[in-house]
Amino acid sequence: MTPRALSRSIATLALLASLATQQAAAATIVIVNNDGAGEGFNDPTPVAPIGGNPGTTLGQQRLNLFNQAAAIWGALLDSPVTIQVRAQMNPQTCSATSAVLGSAGPVTIHADFTGALLPGTWYHQALANKLRGIDNSAGNPDINATFNSDVDNATCLGTRDWYYGFDHNEGADIDFLPVLLHELGHGLGFSTTTNSSTGSFSSGLPAAWDWYLVDRSSGLAWKDMSAAQRAASAIDTGDLVWTGPAVTFKAPLVLDRTAQLVVTSPPGIAGGYEGGVASFGQALDDVGVSGDVVLVDDGFAPTGEGCESPFVNAASVAGRIALIDRGTCAFTQKALNAQNAGAIGVIIANNTSGPATPGGTDPSITIPVLGISQADGNLLKANLGSGVQVTLRLHPTQRAGTHPDGSMRMYSPNPVQPGSSVSHFDVTASPDLLMEPAINAGLTSAVDLTRELFEDIGWYPRTTGVPVATPAGLEFSARPNPAQRDVSVRFSLARESDVALRVLDVTGREVARLHRGRLGAGAHQVAWDARVAPGVYRVQLRAGGVTSTRSLVRID
Amino acid sequence: MLTPWTLLLLAASFDPGCPAATVAPPVAPPGAACVSGPRPRAWRPAPSALAIAPGMRIDLDPEAPGRASLESESMSQAAYDAAFEAMRAERQADGSLMLFVGELLQSYSVVRIDAEGRPVIDCAHSAPEAVQLSRQPALAPVRKWEVR
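Note that the protein sequences, when read in sequence, are chains A and B.
Numbers given in the numbering used here equal positions in the first sequence, counted from 1, plus 116.
Numbers given in the numbering used here equal positions in the second sequence, counted from 1, plus 320.
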């Protein structure tokens, strides 16, 4: 097992342990094997147990994995009604380079039943059953799930197969567990029942989703819009948000601070602009890097892409912040060329609409790199003649994936993208979330803000807005987990309180005291260098007479 | 595997006049009409609203051996939208509403192998979107963590 896989396994175990302690109640999710003899879940092909999956036939491993996903969601949710997932693995569309991995969704939806929280509103069957306390449609499964059995064949995606382990040690294969968790999440309620393409309601009624989906441009919730307004709203990039209180409350505890480009000169364009910090280069902080902006000239049209080195205007770039257009070569190549020219920072302007968060890996790059929108890039270029001075830094308050008003952004690209959906968190979220439209590599079995969104739509009693502590305890997180060093503990207080924050070992001995004193209402963050031996620790937060703890795994 | 169209046909085959049998007591009163489960009956033509949908294809035997192709089992976006519009809620005996959506609200995972050989997995919210997605290059114009 690789260290990464080990870490992710520990994270999964920690999650399950955490869920077990935080959620006394649970839901029973039953996987109904809908496959015929000798195929799908009943495939008798012998295989070796892998990654915690003890199955010794292909069919057993498939079913075990479905049951693992069911156990994870079942530990998180709470319902007196068994949730039935009708599942099958069948051959589906596949080629050497693309495949439909599978699908899941509700079979029926329900409104105006006893226990419904909102009138005239559709609920997915599993949630409707939970709210009503009985099965609204006993003859139908709550979720139908079909996944592609051909992925295990050489004719589909070449030698790449499904990975049926639970430890996310998929190597070159497709890690099945997060894919299944994601799609089951949609089936459990993480989606609107409204057609986001046309804006039409299902049979004339909005979804519970549509009460919390708000377009900041118009100020209207989807339930209050016309179909045409909803269709337009679905591509209102950056302004379509989730206003549910639980997600809004928890987002600052989960998400990283976003990057910001602050223009200090010329006055006509002075102000803050949103940016996406690159996955490589120097990390940004509150102070950041300041300097004059210079558009690079690499000598080959289009000259602003910075793909050739040395730059024609290397002397001008030295000691300044290089502005480079996205395109042609890797972000890391552009940044490295700028660094070699002496730049102290890099701004990469998108070459299409939407956000730009430069990705890649190159440890030799030691200057900060920030992506900005195409529109903002054009604005900078138009003002270069007046001398543009900027600072690249962390935004003081805004979190990656949130609107400036603090609400969570939902995915609404313009122009519309296939698979685009208002039923996903926005791709600007950082760290990656389970319910983004892209099921990103590195996702584990954590359900992050999905739990809070489920609270918003009715899976849990409303727990936000309660002074200081929720019924589940104080809202706080310690990340990363597992951690090697530099743990960030984040918590929110609904009112000013005396706060004690410390770290205990498994015997209850205090190994670090992180804070003691009075703190005001709002979000707080405390850094800890985690200079302790590898092992399991408990981070304990006490505020306003309420104590809450989180398990933390320290690894080498 | 049941296709969206098959499920729609099953939905269309619900008999609104059937006796109550599946609503769990005690909420549903005795003798209450109807229907919370599919009641397949003899084949009948698809509703006209569906039959005229542009680009529509119906697979009537999805459990037949052989590969099920998303292209053949799904539909154009226009046909999907027409099927979506054709859905009608049923009033239950207790006053609640139920809508059988079949596979119209399924979410699809699509994987594409990018130029660097990495799997890129995206989620689509309808069969037409999934088909369209699977035909596009692995790196859509707007993503994070792209390398270029």
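Just so it is clear, CB atoms sit at the ideal spot from N, CA and C, and this is done for glycine as well.
(request) Determine, using beta-carbon pairs with one atom in the segment 220-237 of chain A and one in the segment 421-432 of chain B, whether at least three such pairs fall under 8 Å. (result) yes
(request) Can you tell me which of A:V148, A:Q208, A:R654, A:T213 puts its alpha carbon nearest to the alpha carbon of T275 of chain A? (result) A:T213
(message) Output needed in chain order: residues of the segment 143-164 of chain A with a Cβ under 9 Å from some Cβ in chain B.
(response) N150, G152
(message) I'd like the list of long-range same chain contacts for G387 of chain A, defined as Cβ closer than 7 Å, with 5 residues on each side in sequence excluded.
(response) V379
(message) Could you check whether the segment 328-345 of chain A touches the segment 413-421 of chain B, counting it as contact only if at least three pairs of C-beta atoms, one from each stretch, sit closer than 8 Å?
(response) no
(message) Judging by CA-CA distance, which residue of A:A457, A:S195, A:E155, A:T374 is the nearest neighbour of F427 of chain A?
(response) A:A457
(request) Would you decide whether P257 of chain A is buried or exposed? Buried here means 16 or more other CB atoms lie within 10 Å of its CB. (result) buried
(message) Please state the DSSP three-state secondary structure of D672 of chain A.
(response) coil
(message) Does the structure place the segment 432-443 of chain B close enough to the segment 287-302 of chain A that three or more beta carbon pairs sit under 8 Å?
(response) yes
(request) List the residues that DSSP assigns as beta-bridge partners of R629 of chain A. (result) A:R618
(message) Could you compute how far the alpha carbon of D159 of chain A sits from the alpha carbon of A153 of chain A?
(response) 8 Å
(message) I'd like to know whether the C-beta atoms of N264 of chain A and Q208 of chain A end up nearer to each other than 7 Å.
(response) yes
(message) Using CA atoms only, rank isn't needed, just tell me which of A:G503, A:G397, A:A472, A:N245 is closest to I460 of chain A.
(response) A:G397
(message) Which same chain residues end up closer than 8 Å to A343 of chain A when comparing Cβ atoms and leaving out the 5 residues on each side of it in sequence?
(response) T314, G315, S316, F317
(request) Taking C-beta pairs closer than 8 Å, name the residues in chain A that A403 of chain B reaches, listed in chain order. (result) Neighbours of A403 of chain B on chain A: none; closest Cβ ~10 Å, over 8 Å.
(message) Quick check on G388 of chain A: does DSSP put it in helix, strand or coil?
(response) strand
(message) For the structure I just gave you, are there three or more beta carbon pairs, one from the segment 465-478 of chain A and one from the segment 361-372 of chain A, closer than 8 Å?
(response) no
(request) Answer yes or no: does any C-beta atom of chain B fall closer than 7 Å to that of P418 of chain A? (result) no
(message) Under 7 Å, Cβ to Cβ, is there at least one residue of chain B near A554 of chain A?
(response) yes
(request) Please look up how many angstroms separate the CB atoms of A191 of chain A and A227 of chain A, rounded, as I've assumed it's under 8 Å. (result) Wrong, their Cβ atoms sit about 28 Å apart, outside the cutoff.
(request) Output yes or no for whether 7 Å exceeds the beta carbon distance between H680 of chain A and Q376 of chain A. (result) Outside the modelled stretch of chain A, which goes from 117 to 672, sits residue 680 of chain A, for which no answer is possible.
(request) May I have the straight-line CA-CA distance separating D414 of chain A from D478 of chain A, to the nearest angstrom? (result) 21 Å
(request) Could you tell me which residues DSSP pairs with H640 of chain A in its beta bridges? (result) A:F607
(request) Would you mind stating whether F607 of chain A and H640 of chain A have Cβ atoms separated by less than 7 Å? (result) yes
(request) Please name the residue in A:I385, A:I166, A:Y527 whose C-alpha comes closest to that of A554 of chain A. (result) A:Y527
(request) Output the boundary residues of the beta strand (DSSP E) element that contains R432 of chain B. (result) 427-433
(message) Cβ closer than 7 Å: which chain A residues qualify as neighbours of S427 of chain B?
(response) S219, A220, G221, E299, H302, S307
(request) Please compile the residues from chain B whose C-beta is within a distance smaller than 7 Å of the C-beta of H540 of chain A. (result) C443
(request) Can you pull the chain A residues whose beta carbon is under 9 Å from the beta carbon of S416 of chain B, in chain order? (result) H226, A227, D228, F229, T230, A232, A244, R248, N252
(message) Going by the DSSP bridge assignment, what does V330 of chain A pair with across the sheet?
(response) A:A337, A:V357
(request) Starting from G236 of chain A, follow the alpha helix (DSSP H) in both directions and report where the run begins and ends. (result) Where G236 of chain A is concerned, there is no enclosing alpha helix (DSSP H), given that its DSSP letter is neither H nor E.
(message) Pairs of beta-carbons, one from the segment 399-407 of chain A and one from the segment 449-456 of chain A, closer than 8 Å: are there three or more?
(response) no
(request) Determine the DSSP secondary structure at E410 of chain B, reduced to helix, strand or coil. (result) strand
(message) Using the Cβ count rule (16 or more neighbours within 10 Å means buried), how would you classify Q600 of chain A?
(response) exposed
(message) In whole angstroms, give me the CA-to-CA distance for E423 of chain B and E405 of chain B.
(response) 14 Å
(message) Does N494 of chain A come out as helix, strand or coil in the three-state DSSP assignment?
(response) helix
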